[in-house]
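Notes follow once the structure below has been shown.
2 protein chains.
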Amino acid sequence: MASTNGLDPEVLAQLTSLRESIDNVDAALIHMLAERFKFTQAVGRLKAANEMPPSDPEREKRQVERLRALAAEANLDPEFAEKWFNFVVEQVIQHHVAIAQDELDA
Amino acid sequence: MASTNGLDPEVLAQLTSLRESIDNVDAALIHMLAERFKFTQAVGRLKAANEMPPSDPEREKRQVERLRALAAEANLDPEFAEKWFNFVVEQVIQHHVAIAQDELDA
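Set out below in structure tokens:
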């Protein structure tokens, strides 16, 4: 296996350029995730104030179907899109439960 | 617990508006993830063609530090950002291993 040290300079330049693009996309993703959490935290506060359950399986099912379709159009593996969404939603529900608990404790 | 059916119309309107924003952000996230995978697949092909290992722990360490700092600036939980990144990288490494295997099989 070659390390980056022993690489052809042209290959190294290609790798560096691709990594710069990945870093740019990652910065955009982190900022979009931050914005998503602002909205889901607002949903969490609204649900807690109105005594609604933190999760909504019917809504999540529709979201998964929509995101799988969007992923397929964008040539992203729909299985990955679904696993990724479930990972994010799991975090959000944990936050919602914590907010509801804070309301009960307040 | 109230269902959405029995909600105050104003609360329901707020919930619907927040959910529309979440759906917009999710569409953006799916498209950015699709773009990220295009770049990481190009990295995978470059690495396989040049017999480089599919993962690069030093690079990943720098990425985690950078993304935690970006998350903190954007008021996103850095722990979540790191878990999220590890989840995405795990998928990418699986793809790189598969691409390297295809090169060996070809």
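Sequences listed follow chains A and B, in order. Residue numbering for the first sequence is 1 to 106, as defined by our numbering. Residue numbering for the second sequence is 107 to 212, as defined by our numbering. C-beta atoms are modelled at their ideal positions from N, C-alpha and C, and glycine is treated no differently. These figures come from a predicted structure and were not determined experimentally.
>> If I follow the unbroken alpha helix (DSSP H) through A74/A, where does it start and stop?
In response: Counted from its first residue, the first sequence places residue 74/A at position 74. Where A74/A is concerned, there is no enclosing alpha helix (DSSP H), given that its DSSP letter is neither H nor E.
>> I need the straight-line Cα distance from I99/A to V64/A, nearest angstrom please.
In response: If you number the first sequence from 1, residue 99/A lands on position 99. If you number the first sequence from 1, residue 64/A lands on position 64. Between I99/A and V64/A, the C-alpha separation is close to 24 Å.
> For L76/A versus F143/B, is the C-beta spacing smaller than 8 Å?
Replying inline: The sequence position of residue 76/A within the first sequence is 76, counting from 1. The sequence position of residue 143/B within the second sequence is 37, counting from 1. Cβ atoms of L76/A and F143/B: closer than 8 Å.
> Helix, strand or coil for E157/B per DSSP?
Replying inline: The count along the second sequence starts at 1 and reaches residue 157/B at position 51. Three-state result, E157/B: coil.
> Exposed or buried, what is E266/B when buried is set at 16 or more other beta-carbons lying within 10 Å of its beta-carbon?
Replying inline: Residue 266/B cannot be examined here, being either before or after the span of chain B that is shown, 107 to 212.
>> Measuring straight from C-alpha to C-alpha, what distance separates E58/A and P78/A?
In response: For the purposes of this step, residue 58/A is taken as residue 58 along the first sequence, with counting starting at 1. For the purposes of this step, residue 78/A is taken as residue 78 along the first sequence, with counting starting at 1. Straight-line measurement puts the Cα of P78/A at about 19 Å from the Cα of E58/A.
>> I need the straight-line Cα distance from A108/B to K83/A, nearest angstrom please.
In response: As a position in the second sequence, residue 108/B is number 2, starting the count at 1. As a position in the first sequence, residue 83/A is number 83, starting the count at 1. Residue placement at A108/B is flagged as unreliable, the pLDDT there being 48, under the threshold of 50; the coordinate-derived value follows with that caveat. If you draw a straight line from the Cα of A108/B to the Cα of K83/A, it is about 29 Å long.
>> I want to see whether chain A comes within less than 8 Å of I128/B, judged by CB atoms only; does it?
In response: Numbered from 1 along the second sequence, position 22 holds the residue referred to as residue 128/B. Any Cβ of chain A closer than 8 Å to the Cβ of I128/B would place that residue at the interface, and such an atom is present.
> By how many angstroms is the C-alpha of M138/B removed from the C-alpha of K47/A?
Replying inline: In the first sequence, counting from the first residue as 1, residue 47/A sits at position 47. In the second sequence, counting from the first residue as 1, residue 138/B sits at position 32. Taking the CA atoms as reference points, K47/A sits about 29 Å from M138/B.
> What does a CB cutoff of less than 8 Å around E209/B pick up in its chain, not counting 5 residues either side in sequence?
Replying inline: The residue labelled residue 209/B in the question sits at position 103 within the second sequence. Residues of the same chain with a CB within less than 8 Å of the CB of E209/B, apart from the 5 flanking positions on each side, are A154 and A155 in chain order.
>> Output needed for E60/A: all residues of its chain with C-beta closer than 7 Å, excluding positions within five of it in sequence on either side, in chain order.
In response: Translated into the one-based positions of the first sequence, residue 60/A becomes position 60. Excluding positions up to five away in sequence, the list reads V89.
> If you drop the 5 nearest sequence neighbours on each side, which residues of the same chain put their C-beta closer than 8 Å to that of H202/B?
Replying inline: Here residue 202/B refers to the residue found at position 96 when the second sequence is read from its first residue. If we look at H202/B and ignore the five residues flanking it on each side, its Cβ neighbours are T146, V149, G150, K153, A154, P160 and S161.
>> Buried or exposed, going by whether 16 or more other CB atoms sit within 10 Å of the CB of A178/B?
In response: Translated into the one-based positions of the second sequence, residue 178/B becomes position 72. When all chains shown are included, A178/B counts as exposed.
> What number of angstroms, rounded off, separates the C-alpha of A180/B from the C-alpha of A69/A?
Replying inline: Taking the first residue of the second sequence as position 1, residue 180/B is located at position 74. Taking the first residue of the first sequence as position 1, residue 69/A is located at position 69. Near 29 Å, if we compare the C-alpha coordinates of A69/A and A180/B.
> Straight-line CA distance for V92/A to L18/A?
Replying inline: By one-based count along the first sequence, residue 92/A stands at place 92. By one-based count along the first sequence, residue 18/A stands at place 18. Spanning the two alpha carbons is a distance of roughly 31 Å.
> Would A81/A pass as a contact of I136/B if the rule is Cβ separation under 8 Å?
Replying inline: Position 81 of the first sequence holds residue 81/A. Position 30 of the second sequence holds residue 136/B. Contact: yes.
>> Residues in the same chain with beta-carbon distance under 8 Å from E126/B, minus the five sequence neighbours each way, listed in chain order, please.
In response: Looking up residue 126/B in the second sequence gives position 20. For E126/B, where only same-chain residues beyond five positions count, there are no Cβ hits under 8 Å.
>> Going by C-alpha to C-alpha distance, which of F193/B, D132/B, E141/B and A140/B sits closest to R62/A?
In response: On the first sequence, residue 62/A is found 62 positions in, with the first residue counted as 1. Closest by alpha carbon: D132/B.
>> Quick check on D105/A: does DSSP put it in helix, strand or coil?
In response: By 1-based counting over the first sequence, the position of residue 105/A is 105. Helix at D105/A.
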